[in-house]
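Presented below is the structure to which this report refers.
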Amino acid sequence: MRVEVVMPQMGESVAEGTIIKWHKQPGDAIEKDEILLEISTDKVDSEIPSSHEGKLAEITVEEGKTVDVGTTIAYIETEKDADIESSDNGESEKAEVAEDTAERSEEATAPANGEQIETKGRSGKDFYSPLVRSIAAKENVSQSELESIEGTGIGGRVRKQDLLGYLESRGTKPAARPTKQVQAIKYTGPMENVDVVEMDNIRKSIAKHMRTSLDTSAHVYSVSEVDMSKIVAFREKHKAEFQRKEGFKLTYTPFIADATVRALKDFPRVNASVDMDKGEVLEKRFVNLGMAVAIEDGLIVPVIKGADERSFLGLARETHRLANKARDKELDPDDVQGGTFTITNPGIFGNLYGLPIINQPQLGILGVGAIKKRPVVINDAIAIRSMMYLTLSYDHRVLDGAVGGQFLQRIVQYLEEFDGEGIL
Amino acid sequence: MAEITYIQAISEGLREEMQRDESVFLLGEDIGNYGGAFKVTKGFVEEFGEERVIDTPLAESAIFGMSIGAALQDMRPVAEMQFSDFVSTGFNQLVNNAAKIHYRWGAAVPMTVRMPTGGGVHGGPFHSQNTEAWFFHVPGLKLVAPSNPYDAKGLIKAAIRDKNPVLYFEHKYLYRREKQELSGDDFLVEIGKGRVAREGEDLTVLTYGSMVPTSLEAASHLESRIDVEVIDLRSLMPLDMELIIGSIKKTNKALIVHEDIKTGGIGAELSARITEEAFEWLDGPIRRVASIDTPVPFAPSLEEYFMPNPDKIAAGIQQLWDY
Amino acid sequence: MTQAELSELVKRSEFTPVAGLSAEDCVTLYYYMQLTRTFEMRLASFYRQGKMVGGVYLGTGNEATSVGATYTLEDRDILAPTHRDIGAHFVKGESLRAMALQLLGRAEGPTGGKDNGLHQGNKEINTLGMISHLGAMISVAAGAALASKIKKSGQVAIHFIGDGTSSIGDFHEGLNFASVMELPVVYIIENNQYAYSTPNSKQYACDWIAQRAHGFDMPGIVVDGTDVVEMYRVTKWAVERARRGEGPALIESQTMRMRGHSEHDSADYVPQKVMEKWEDKDPIDILKNYLRDWGVLTDVTREQIDEQIESEVEKAFEYALDAPVPEGPEAANGVYAR
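Residue numbers (this note's numbering), protein chains in the order written: chain R, 1 to 424; chain Y, 1 to 323; chain D, 1 to 338.
Below is the structure:
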């Protein structure tokens with residue numbers, strides 16, 4: 001039989017995806033779980049394995065096209081019968097129930113229990129439940145926005161969870177509220193000697209998120225200097241053995257991550273988000289630490305879940321694992337969601353410091369500068385120390401200079417007072 | 001603490017109330033020396049004497065009439081229907097007399113009617129019915145339906161102490177199947193208060209009596225996919241609307257499950273009340289899983305088809321969740 | 001009028017007590033019977049003047065039965081009357097004012113306007129409010145008697161039953177139960193010959209309803225229900241027997257409903273001859289003559305009593321007519337006892 005291949009939903013808030021590359025062409029045989037195509041969404045790029053064994057019969061969406069989640073993008077011809085086609089438990093149970101109903105509906109006089117109730121008239125995609133209507137009204141979701149949401153209910157109906165997912169991805173700012181759009185100035189000059197490079201999904205997504213962040217948060221910055229000499233010495237002493245034992249390099253990142261997590265636990269207000277509509281600051285009792293990773297064409301921020309529950313070694317391993325996954329474009333949607341604070345590393349290219357943009361809906365981001373040896377005055381004597389600049393960008397809507405400054409100083413303190421005893 | 005069955009819990013509750021209050025007495029068919037058709041009152045006549053454990057003639061109307069008369073003289077009668085099905089021959093006394101006296105002339109009628117209820121025991125059309133809906137429509141009566149030994153004991157005691165006629169629907173199927181450890185303390189379960197039998201976020205099952213354990217089983221089958229909340233109503237009249245509406249506002253989907261037949265059952269009213277009070281909170285239709293609209297059939301295969309079971313309830317949950 | 005006021009009017013010396021009734025008792029019985037008649041005639045004219053809410057069901061011809069039987073009870077005893085027993089309510093202690101308020105559906109009345117007719121009960125004087133489903137109160141009265149038996153309080157219950165009610169299943173259940181349990185309850189059938197329009201010949205096949213008592217193994221007695229002294233005597237015997245723990249009794253009072261089932265009913269289905277025969281047996285006339293013959297009550301003093309009754313009834317209705325009707329929202333209150 002012919003089975004559909006649909007654009008998968010890569011993350012609860014993702015509504016559409018772009019086909020990057022078809023790995024098979026019509027007529028090609030394909031194994032179950034063999035890579036069929038690559039797609040890109042505004043969250044991640046992914047390779048999609050085939051759900052069935054058979055032959056790729058038809059491709060309905062070409063490379064480079066962007067379609068809604070759930071859209072049929074290809075057909076696979078299989079040799080199996082329809083009734084054993086589905087391996088999904090929920091599906092098969094539904095099939096059983098439907099069969100049950102067919103039996104019972106013959107007995108018209110006595111409506112059976114557990115029967116499948118058919119919703120007559122308006123249904124599926126066109127029907128919005130009272131709850132969906134009331135949430136939409138409260139959150140200023142327009143009718144056209146509602147219609148744009150991909151429903152996961154029967155017949156594509158927008159369920160509660162679909163709308164809530166949509167709102168989460170949309171952020172707290174109601175999209176329906178008209179905002180003054182600054183007309184971007186475009187280049188209108190001659191096109192000779194101009195190379196036109198198409199922006200890919202990730203680029204577009206970064207562009208949108210960066211702009212949104214600046215429109216949302218009231219960015220302010222504090223900069224501080226850290227004496228990293230102890231950590232530099234520690235790393236020098238242990239890096240060879242670490243590499244041998246763990247199989248990857250000991251970088252400065254876990255040291256900074258560890259100090260940051262500890263400081264976040266001291267200042268829960270920084271490890272938070274804000275809901276301006278409700279007038280609430282949501283302080284998280286867990287730390288999910290985002291680590292910006294530069295990749296080939298852009299930047300992605302995998303998240304170390306439960307960073308506050310990990311040891312130094314645990315942080316080091318997770319950082320390494322996620323960075324690798326990011327560079328190999330193998331991050332799952334889940335890997336890039338749920339961050340509560342982010343660290344980014346403008347120093348990686350040797351720069352002294354940078355002023356990063358907050359990763360929404362977080363309230364702060366730490367920029368790590370390059371470690372450089374500089375002469376510093378210690379007890380009125382000049383000494384050569386390994387120095388590093390830290391910059392903190394934070395959201396002045398919620399965090400005042402006092403909190404931001406103290407938080408940053410706490411990171412400095414933890415780094416300078418570093419005592420490597422037993423951490424490896 | 002000793003583990004006791006649902007039926008023992010009823011006996012204990014009755015015994016404790018009779019020991020506590022001399023005005024409490026029992027009347028019903030075969031409840032004395034024989035100890036009742038289900039042995040709820042076994043040993044009672046020896047302990048409390050024939051004047052407080054009265055074997056009556058076969059006369060349901062008179063059993064209720066006598067109860068009303070005694071209650072009007074400040075006694076607290078507990079009348080036993082041998083099977084709740086037989087209540088129909090005493091119907092008038094409950095719906096026109098007991099239920100209306102306080103409204104009409106202000107006298108309290110503190111009587112309890114024990115109603116051994118329900119199917120799943122292959123009793124056929126006249127020993128298996130769920131009769132609560134017949135009385136649900138009658139202002140002046142209170143209706144309770146325990147699903148476990150704790151509630152069985154707490155509610156029989158609360159029913160006896162209540163100043164109103166209370167119909168106590170004890171489910172025969174649960175009698176010896178439900179067991180629980182109970183302390184010997186004197187506790188009551190407040191009439192009018194439901195209970196969250198299982199907390200969940202995705203969908204609310206509203207149920208009572210025998211369908212509470214059945215619904216819990218269905219919910220646990222679906223655990224990995226759907227986080228079901230199960231509300232044990234316990235009190236059918238009055239309903240704990242605060243609890244019910246609160247749960248609907250959380251999960252936004254309601255499935256009503258009862259062993260009684262579907263048409264005109266408690267579920268119909270529940271559905272209407274939820275629509276009236278929480279329409280804007282609904283993310284799907286209110287649905288019911290109930291017995292089919294026939295008399296209760298006798299043969300096990302027929303009865304199985306007739307009644308809800310965990311599979312049917314699970315299917316109902318799944319369909320509503322998918323909606 | 002109070003018993004003391006009535007006693008003032010009695011000439012004692014010429015009277016030999018009958019059935020344990022003194023001359024004062026007889027005058028008191030007259031007072032209640034005449035009060036019942038006067039009160040009811042006022043209701044009949046109110047009905048025709050459009051002052052009544054709902055129907056009016058009168059007990060004309062029934063006064064001796066209601067009053068005579070109830071007069072046997074002590075204050076603590078239990079009375080379960082039916083809808084033609086205004087006299088029984090009065091004897092048991094219900095006030096004229098309360099009765100007028102009740103029948104006019106006023107807020108201050110015993111049911112606060114929530115029920116009509118003689119449906120009120122009163123815990124203070126231990127009357128049980130009837131329901132329209134005749135027969136239902138038979139076992140309720142037995143239950144009240146059962147409470148007395150369990151509590152060993154010595155209370156006796158009287159319940160009035162109509163001839164029509166004797167046909168309903170509850171009659172069998174209740175009497176059987178009361179007899180099996182030997183309860184202190186006395187059932188009085190007010191056999192007024194018609195159940196609405198249905199004559200006794202279509203109601204039962206036996207000669208007397210009281211015959212059925214034998215099947216329940218209780219005494220069954222037929223009494224001339226127009227003779228209050230006889231009614232009192234027989235009932236007194238049954239009540240005392242019940243009080244001693246010897247069980248229930250069934251008394252059939254032969255009387256006549258001298259008006260229609262309700263005031264809208266002209267009762268033209270009753271043959272003229274039958275009505276005339278019973279008119280000669282008006283219970284109030286019988287007692288009046290009896291008291292005159294014995295010299296207990298002269299016509300002059302009797303008229304004094306009648307005038308006093310007129311004025312009492314007048315006052316009660318004056319008050320009730322002016323009394324407020326219940327507020328609409330009160331309809332929502334009182335379904336459950338708290």
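Backbone N, C-alpha and C fix where the C-beta goes; we use that ideal spot for every residue, glycine too.
The alpha carbon of Ala178 of chain D has as its nearest neighbour, out of Y:Ala70, Y:Ala98, Y:Val95, the alpha carbon of Y:Ala70.
Among the CB atoms of chain Y, one or more fall inside 8 Å of the CB of Gly153 of chain R.
With its beta carbon less than 8 Å from one in chain D, Gly65 of chain Y belongs to the interface. In the three-state DSSP reduction, Asp25 of chain D falls in the helix class (H, G or I).
For secondary structure counted as the alpha helix (DSSP H) over 4 or more consecutive residues, the stretch 256-327 of chain D holds these complete runs in sequence order: 272-279, 283-293, 299-322.
Annotation: Val40 of chain Y to Gln8 of chain Y spans about 7 Å, alpha carbon to alpha carbon. The shortest CA-to-CA distance from His102 of chain Y to any of D:Lys123, D:Ala142, D:Ser253 is the one to D:Lys123.
Within a 10 Å sphere around the beta-carbon of Val27 of chain D sit 16 or more other beta-carbons, which makes this residue buried.
Checking the DSSP bridge columns, you'll see Glu58 of chain R partnered with R:Tyr75. With fewer than 16 other Cβ atoms from the protein chains shown falling within 10 Å of its own Cβ, Leu282 of chain R counts as exposed. The residues Ile411, Tyr414, Leu415, in chain order, have a CB closer than 6 Å to that of Ala259 of chain R in the same chain once the five nearest residues on each side in sequence are set aside.
Between Ala142 of chain D and Ile78 of chain D, the gap from beta carbon to beta carbon reaches 8 Å or more. For Val132 of chain R, the nearest CB of chain Y lies under 8 Å from its own CB, placing it at the interface with that chain. Thr60 of chain R sits exposed, since fewer than 16 C-beta atoms from the chains shown fall within 10 Å of its C-beta. Within the same chain, Cβ atoms closer than 8 Å to the Cβ of Met199 of chain R are found at Ala207, the five residues on either side in sequence being excluded. Close to chain Y, meaning a Cβ-Cβ distance shorter than 9 Å, are the following residues of the stretch 122-149 of chain D: Asn122, Lys123, Asn126, Leu128, Gly129, Ile131, Ser132, His133, Gly135, Ala136, Met137, Ile138, Ser139, Val140, Ala141, Ala142, Gly143, Ala144, Ala145, Leu146, Ala147, Ser148, Lys149. In the pairwise beta carbon analysis, the stretch 368-379 of chain R is classified as touching the stretch 337-346 of chain R: at least three pairs are separated by under 8 Å. Taken atom to atom, the span from the alpha-carbon of Lys262 of chain Y to that of His221 of chain Y is near 24 Å. DSSP places Phe169 of chain Y within a strand segment (E or B) once states are collapsed to three.
Interface flag for Arg244 of chain R against chain Y is unset, since no Cβ pair is found closer than 8 Å.
Beta-bridge analysis with DSSP links Thr36 of chain D to no other residue.
Taking 8 Å as the cut-off, the Cβ atoms of Val257 of chain Y and Pro213 of chain Y do not count as close. When DSSP states are grouped into helix, strand and coil, Leu206 of chain Y belongs to the strand group. Excluding sequence positions up to five before and after Gly314 of chain R, its CB lies less than 8 Å from no other CB in the same chain.
Against chain R, the CB of Leu282 of chain Y has a partner CB under 8 Å away; the residue lies at that interface.
Taking C-beta separations shorter than 7 Å and ignoring five residues to either side along the sequence, the partners of Thr165 of chain D in its chain run Leu134, Gly135, Phe171, following chain order. Between Lys142 of chain Y and Asn116 of chain D, the alpha-carbon positions lie close to 25 Å from each other.
Nearest neighbour of Gln360 of chain R by Cα position, chosen from R:Gly420, R:Asp328, R:Asn271, R:Leu424, turns out to be R:Asn271. DSSP lists Y:Lys179 as the beta-bridge partner residues of Thr5 of chain Y.
For Arg287 of chain Y, the enclosing beta strand (DSSP E) begins and ends at 287-291. For Ser51 of chain R, no beta strand (DSSP E) encloses it, and the DSSP letter there is neither H nor E.
Around Ala337 of chain D, the beta-carbon contacts reaching into chain Y at under 7 Å are His102, Ala108, Lys163, Asn164. For Pro8 of chain R, the three-state secondary structure derived from DSSP is coil.
Closest by C-alpha distance to Arg2 of chain R, out of R:Glu150, R:Gly354, R:Ala57, is R:Ala57.
Ile378 of chain R is classed as exposed because its beta carbon has fewer than 16 other beta carbons within 10 Å across all chains shown. Boundaries of the beta strand (DSSP E) around Gly367 of chain R: 364-378.
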